[in-house]
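Residue numbers (the working numbering), protein chains in the order written: chain A, 13 to 176; chain B, 143 to 361. No residue lacks a Cβ here, since even glycine has one placed at the ideal position from N, Cα and C.
What follows is the structure in structure tokens.
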């Protein structure tokens, strides 16, 4: 079973849930060989019916203590642009499609998505371009994302506070 | 005449207080590098967890810190659902490798919700400040560690206030979120001036803010 995992993190992103379950997106996903969709809808008010995407096995939930398992069992992650979700997907080494919410007051999220796309770690789009991106994106161009180095931070801080 | 004497006395006292406050502020802001709380063996940390992505990032940072950073006091916004679980999972792991490991969870009102207007943001920020000061004064941490959620501004301000009043020097360590590539967050813009150690994770920001510390991606 080839599954796509959609996650909105702690927020709500109804536009994304609406768009990813639209006829156009469902068609594109089936064309890519996907058979299942796993939706994490967060605080959103759009909660699609499990029968609403003919051709795809649909699962929906709001929150879980950990979405690591959902990430691991997926073949593609579609995420909101939150740093936590993006890093988790990249850390799990999953192809990542980020959908930027252009309705947010301070849309700094675009900065990270843009930079990580420039570095070929993910592909980003907005809700309006999502179906087209699902049809046309080339996931083979993506490069693995090297983990950050918190030990450098620890080393610096040890010295700064006088532990070493 | 008597009124004039009293009045000028009051004004003079106020001026002296303000001057003293500002002088202390400069002293506190400059002596950070000399203050080494770790020399007593352990460092207590106030960790501002904030929300979703911020919490994930700060837990990655904490994961790299040694057992000497103990105890850890986590501050979470009271509307947050996911952070507490992430913290408890992390701390449960931590306890397995170190039985002396200690942590507490503290809740304060959130400064600003995503999509909240700026005017009501001001009111809720004030509300957050009123609950931050007693919290920080009670815990008296050696270090405040934060990475950008709105709640960290009042908490850092409270930490700074402890230092200005001479009650306790609190080191402010700020790590700008990895999602900030070109511009600092609002919290970052404010805390750049009062942080003792201010980290950024992209070279573009180091160019714009030369006092920041850049060591590549940390999370």
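Span of the beta strand (DSSP E) around residue i
i              : result
residue 296(B) : Here residue 296(B) belongs to no beta strand (DSSP E); instead the alpha helix (DSSP H) covers 294-306.
residue 159(A) : Per DSSP, residue 159(A) belongs to no beta strand (DSSP E) and is neither H nor E.
residue 137(A) : 135-138
residue 69(A)  : 69-73
residue 91(A)  : 88-92
residue 362(B) : Because chain B here runs from 143 to 361, residue 362(B) falls outside it and cannot be looked at.
residue 48(A)  : 48-52
residue 15(A)  : 15-19
Bounding residues of the alpha helix (DSSP H) (the contiguous stretch that carries residue i)
i              : result
residue 164(A) : 162-173
residue 147(B) : 144-172
residue 41(A)  : 35-43
residue 313(B) : Careful: residue 313(B) lies outside any alpha helix (DSSP H), inside the beta strand (DSSP E) at 313-317.
residue 248(B) : From DSSP, residue 248(B) is part of no alpha helix (DSSP H) but of the beta strand (DSSP E) over 245-250.
residue 121(A) : 121-130
residue 145(A) : 142-148
residue 269(B) : 260-281
residue 239(B) : 224-239
residue 285(B) : Residue 285(B) -> not in any alpha helix (DSSP H); beta strand (DSSP E) instead, spanning 285-288.
residue 31(A)  : 26-32
residue 97(A)  : 95-103
residue 191(B) : Not the alpha helix (DSSP H): residue 191(B) falls in the beta strand (DSSP E), residues 185-192.
residue 346(B) : 345-350
residue 180(B) : Premise fails: residue 180(B) is in no alpha helix (DSSP H) and is neither H nor E.
residue 116(A) : That residue, residue 116(A), is in no alpha helix (DSSP H); it is neither H nor E in DSSP.
residue 333(B) : 328-333
residue 81(A)  : 80-84
Partner residues on chain A for residue i, Cβ-Cβ distance less than 7 Å
i              : result
residue 151(B) : Going along chain A, no residue has its Cβ under 7 Å from residue 151(B), so there is no contact; the nearest lies around 44 Å.
residue 210(B) : 175
residue 361(B) : 99, 160 and 162
residue 227(B) : 77
residue 351(B) : The premise fails here: residue 351(B) is roughly 15 Å from chain A at the closest Cβ pair, so nothing lies under 7 Å.
residue 348(B) : Those do not exist, as residue 348(B) stays about 14 Å from chain A at its closest Cβ, beyond 7 Å.
residue 203(B) : 162 and 165
Chain A residues whose Cβ lies nearer than 8 Å to that of residue i
i              : result
residue 358(B) : 160, 161 and 164
residue 206(B) : 162, 163, 165 and 166
residue 188(B) : Result: empty, since nearest Cβ-Cβ is about 14 Å, beyond 8 Å.
residue 339(B) : 168, 169 and 172
residue 185(B) : 173 and 175
residue 108(B) : In this structure chain B extends from 143 to 361, so residue 108(B) is not present and cannot be described.
Rounded distance between the beta-carbons of residue j and residue i, thought under 8 Å
i              : j              : result
residue 250(B) : residue 198(B) : Their Cβ separation, rounded to whole angstroms, is 20 Å, which puts residue 250(B) and residue 198(B) out of contact at 8 Å.
residue 37(A)  : residue 143(A) : 5 Å
residue 317(B) : residue 204(B) : Incorrect: roughly 11 Å between the Cβ atoms, too far for contact.
residue 18(A)  : residue 43(A)  : Not quite, the Cβ-Cβ distance comes to about 17 Å (not below 8 Å), so this is no contact.
residue 58(A)  : residue 29(A)  : 5 Å
residue 145(B) : residue 286(B) : Not really, about 45 Å apart at Cβ, beyond 8 Å.
residue 312(B) : residue 349(B) : So it is not a contact: roughly 29 Å between Cβ atoms.
residue 88(A)  : residue 16(A)  : 5 Å
residue 22(A)  : residue 60(A)  : About 20 Å; that fails the 8 Å criterion.
residue 68(A)  : residue 41(A)  : 6 Å
residue 323(B) : residue 124(A) : 6 Å
residue 145(A) : residue 139(A) : Not a contact, Cβ separation roughly 10 Å.
residue 169(A) : residue 315(B) : 7 Å
residue 133(A) : residue 99(A)  : Actually they are not in contact, since the Cβ atoms of residue 133(A) and residue 99(A) sit about 10 Å apart, beyond 8 Å.
residue 25(A)  : residue 224(B) : In fact, because the Cβ distance is near 15 Å, the residues do not count as touching under 8 Å.
residue 373(B) : residue 272(B) : Past the edges of chain B, shown from 143 to 361, lies residue 373(B), and the structure says nothing about it.
Closer than 8 Å at the beta carbon, the chain B residues around residue i
i              : result
residue 123(A) : 321, 322, 323, 324 and 325
Residue i CB to nearest heavy atom of the ligand MG below 7 Å
i              : result
residue 153(B) : Looking at this structure, you won't find the ligand MG or any other ligand, since it has none at all.
Per-residue contacts from residue i into chain B (C-beta, under 7 Å)
i              : result
residue 104(A) : The premise fails here: residue 104(A) is roughly 13 Å from chain B at the closest Cβ pair, so nothing lies under 7 Å.
Tell me which residues of the region 155-183 of chain B have at least one Cβ-Cβ distance to chain A shorter than 7 Å, keeping chain order.
Listed by position along the chain: 178, 179, 180 and 181.
Segment contact, 8 Å Cβ cut-off, at least three pairs: the region 345-359 of chain B with the region 194-213 of chain B:
Output reads no: the region 194-213 of chain B does not touch the region 345-359 of chain B.
Interfacial residues, the region 298-327 of chain B to chain A, with Cβ spacing under 8 Å
Going along the region 298-327 of chain B in chain order, one finds 313, 315, 317, 319, 320, 321, 322, 323, 324, 325 and 327 with a Cβ nearer than 8 Å to chain A.
With a cut-off of 8 Å, do at least 3 Cβ pairs link the region 282-292 of chain B to the region 323-331 of chain B?
These segments touch.
If contact means a Cβ-Cβ distance below 8 Å, which residues of the region 123-139 of chain A contact chain B?
Per Cβ criterion, the list reads 123, 124, 126 and 127.
The region 237-248 of chain B: positions lying closer than 7 Å to chain A by Cβ
Listed in sequence order: no entries.
Whether or not the region 175-190 of chain B and the region 207-223 of chain B are in contact is what I'm after, with contact meaning three or more pairs of Cβ atoms, one per stretch, closer than 8 Å; do they touch?
Yes, since at least three Cβ pairs between the region 207-223 of chain B and the region 175-190 of chain B fall closer than 8 Å, the two stretches touch.
At a Cβ cut of 8 Å, what residues of the region 74-87 of chain A count as close to chain B, listed as they run along the chain?
Listed by position along the chain: 75, 77 and 78.
Inspect the CB distances between the region 92-100 of chain A and the region 109-126 of chain A and report whether three or more fall short of 8 Å.
Enough Cβ pairs lie closer than 8 Å, so yes.
Closer than 8 Å, Cβ to Cβ, to anything on chain B: give me those residues from the region 40-72 of chain A, in chain order.
Under the 8 Å Cβ criterion, the region 40-72 of chain A contributes no residue.
Residues within the region 14-37 of chain A neighbouring chain B, beta-carbon criterion of under 9 Å
Listed by position, the residues of the region 14-37 of chain A near chain B (Cβ gap below 9 Å) are 21, 22 and 23.
Quick check: the region 330-345 of chain B against the region 296-309 of chain B, are there 3 or more CB pairs under 8 Å?
Yes, since at least three Cβ pairs between the region 330-345 of chain B and the region 296-309 of chain B fall closer than 8 Å, the two stretches touch.
Any chance the region 148-159 of chain B sits against the region 166-176 of chain A, with 3 or more Cβ pairs inside 8 Å?
These segments do not touch.
Cβ pair count under 8 Å reaching 3, the region 151-161 of chain B against the region 215-222 of chain B:
Using a Cβ-Cβ distance cut-off of 8 Å, the region 151-161 of chain B and the region 215-222 of chain B are not in contact, since fewer than three pairs of beta carbons, one from each stretch, lie closer than that value.
May I ask you to list, following chain order, the residues of the region 266-286 of chain B that have a beta carbon less than 8 Å from some beta carbon of chain A?
Correct list: 284 and 285.
Is there contact here, the region 159-171 of chain A with the region 121-137 of chain A, by at least three beta-carbon pairs under 8 Å?
Between the region 159-171 of chain A and the region 121-137 of chain A, the count of Cβ pairs shorter than 8 Å is below three; the stretches do not touch.
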